[in-house]
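Going letter by letter, the sequence shown gives residues 25 to 532 in this note's numbering.
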Amino acid sequence: MSFGKNINAGGEVDYIYSRGHYASNGNKLLSYRLFGNYLSDRYDMRAYLSNFNFITGENGGLTNDEYITAPDKFTDSRRTVDSKAYPVRFSDAFNRVRGKQYFLTHRYNLGFYRTPNEGDTVRTFIPVSSIVHTLFYEDNRRHFTSASQAGIDTCFENVYEPADSAMHDRPSAWNIGNTFALSLREGFQDWVKFGLTAFIRLEKRRFTLPAFQSGNLQQGEYDRYDEFSTYIGAELSKQQGSILTYNARGELCAAGDDLGEFRLKGTLQTRFTLFRKDAAIRAEGYIKNVTPAFFLRHNHSRFYVWDYKLKNEQQAYAGAVIDLESTRTRLSAGVNSIQNYVYLDGTGLPDQYDGNLQVLTGRIRQDFRFGAFGWENEAAYQLSSDGDRLPLPRLSLYSNMYIDVKPVKVLSLQLGVDVHYFSGYEAPDYNPATQQFQLQSGGSGERISVGGYPLVNAYANFHLKQARFFVSAYNLGTKFIEPDYFSFPHYPLNPFLLKFGIAVTFKN
């Protein structure tokens, strides 16, 4: 919504409620966002605030995967078993995550007015430099709770609260950052071929965990951890022109808890014409030396307690991207080197690998269009040098085949089928107590392989003026492919279902 030529404001509210297709698998999300800006020659301001409350039911996964892979064992020649009747590890367990964000950035532009042509009455403001301030605040809280505490306690090796007590998992964190910057704007004169920005960022962070003493959590008591860091950095960029554009940015923590942390990243791109269509080649890379996340270093909860001193994790990445509009092709490849990799082991505790990990990735996207027929394809290959610590599917595929026609002037019709696929690999376990993924426990012969199942969906979209109707069949493959549809161990995808809906656009 506009208020004159300088002010814009808006907002959005989102409410999602899903009952889920398995026991204790419902989800609910309520979020809203308000945003606005003020734009003028000398002064720009942009701001938003957002809030969300997310509740997810945690069932811990199926206790017997054969309800998916061998359903005939449980039907006894009768009707199939309702998916909500499949036995699960947890009941009446929930993770609630609440959060809010406030953001404000504004700048004052120094410059001059230029008259493009002699005799013109319209003048154009040319910014030369800017004074910038950005404020960001974020607050997040999590609560893991259950109405059947005794049953969940038996699923974990350690319990750090009295057996008859309510679960006490309420970690929280907030951080506030202030950034002050001075920038020299690109292109205010013909000889100024790049932009340059220097900045300083001040970050204050506070984390709260239940207090842990003498081997137990202390009811009603909390430990607070305060961190403060000061970063300095600069950015050099050239975005105008087509032959060569680039961006380079670096920052260093000069004081505080993250002293010595740094990030360097850059891109270099050239654009040209190939068969009368745009084409681009881009090289990209980064080097990072970062402090592991706070909750990988500290955690006090009913089932997991750790206070670790971890080394900084180093990453170096180099890659390239080729875009060919003439053939609807996009190619990319890269290699990532990771030192002091931090992960959660099979017990759910953090571990750090002192060696070096290498991850090689390659991706291709190829689209075809022949009249009303369209075919979109994407394939990704990735290889980890240590599949035990960093398991990855070797191959991931996506394909979408459709026809797009207009039976009548005011109606658009799209009919299609899409497929998602990834090759089998020893996928990480999901742990509801930490809401993190961890390596599977056990030896190589005991771990579960997930993948190798094509997720097939069929759909029809009808677009009539400002209304859109859709019908889709999800996981159609269960009707003709042997069922093994797990996204990670003991957590299946939704079974076959029909979905339909309507969307109306009120904006002209």
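In this text, a Cβ means the ideal position worked out from N, Cα and C, and glycines have one as well.
These numbers come from a predicted model, not from an experiment.
Nearest to residue i (by Cα), restricted to the options the options
i	options	result
Asp369	Asn88, Ile388 and Gly411	Gly411
Gly309	Phe327, Leu283 and Gln339	Gln339
Gln237	Ser26, His324 and Gly290	His324
Val112	Phe392, Ile472 and Asn88	Asn88
Ser42	Lys523, Phe530, Tyr367 and Thr529	Lys523
Thr353	Val359, Tyr184, His322 and Ala304	Ala304
Ile224	Leu206, Gly211, His192 and Arg230	Leu206
Leu86	Tyr137, Cys179, Asp65 and Asn77	Cys179
Leu276	Trp215, Thr221 and Val314	Val314
Tyr332	Ala497, Leu53, Pro316 and Ile176	Pro316
Gln263	Asp250, Asp281 and Gly211	Gly211
Asp302	Tyr46, Ser266 and Val329	Ser266
Asn75	Leu416, Asn240 and Lys124	Lys124
Gly343	His514, Glu450 and Gln293	Gln293
His514	Tyr91, Glu36 and Ile31	Tyr91
Rounded straight-line distance, which links the Cα of residue j to that of residue i
i	j	result
Pro431	Tyr483	17 angstroms
Phe168	Phe98	33 angstroms
Asn455	Arg120	15 angstroms
Glu349	Arg273	29 angstroms
Ala174	Ala187	7 angstroms
Leu73	Asn199	15 angstroms
Ala235	Asp38	36 angstroms
Gln406	Lys489	43 angstroms
Pro195	Asn182	18 angstroms
Phe296	Ile311	29 angstroms
Tyr475	Pro452	In the sequence as displayed, the identity of residue 475 is Gly instead of Tyr. Looking at the two C-alpha atoms, the distance is approximately 12 angstroms.
Leu298	Arg389	18 angstroms
Ile150	Gln376	52 angstroms
Ser172	Ala403	44 angstroms
His157	Gly201	11 angstroms
Ala94	Ala109	15 angstroms
Phe114	Val345	45 angstroms
Leu63	Gly290	29 angstroms
Val152	Gln213	9 angstroms
Gly219	Ile256	18 angstroms
Asn133	Lys228	28 angstroms
Contacts around residue i, its chain only, beta-carbon distance under 6 angstroms, and the 5 residues preceding and following it disregarded
i	result
Leu128	Ala71 and Leu159
Ile399	According to the sequence as given, residue 399 is Trp; it is not Ile. Here the set comprises Phe392 and Met425.
Phe493	Phe486 and Ile526
Val383	Asn360 and Ser408
Ala33	Met25 and Gly60
Asn51	Ser42 and Thr80
DSSP-derived helix/strand/coil call for residue i
i	result
Gln173	helix
Ile472	coil
Pro151	strand
Phe27	strand
Arg321	helix
Ile505	coil
Leu500	helix
Pro516	strand
Tyr91	helix
Ser207	strand
Lys108	helix
Phe537	With the chain covering only 25 through 532, there is no way to say anything about residue 537.
Lys97	helix
Cys277	strand
Cutoff 7 angstroms; reference residue i; Cβ partners in own chain excluding five residues on either side
i	result
Ala396	Ile427, Asp428 and Val429
Thr139	Arg147
Residues near residue i in its chain [Cβ-Cβ closer than 8 angstroms; skip 5 each side]
i	result
Leu479	Val443, His444, Tyr445, Asn499, Gly501, Tyr509 and Leu517
Thr104	Pro95
The segment 426-436 contacting the segment 452-468, beta-carbon criterion three pairs below 8 angstroms: no
Cβ pair count under 8 angstroms reaching 3, the segment 370-378 against the segment 340-360: no
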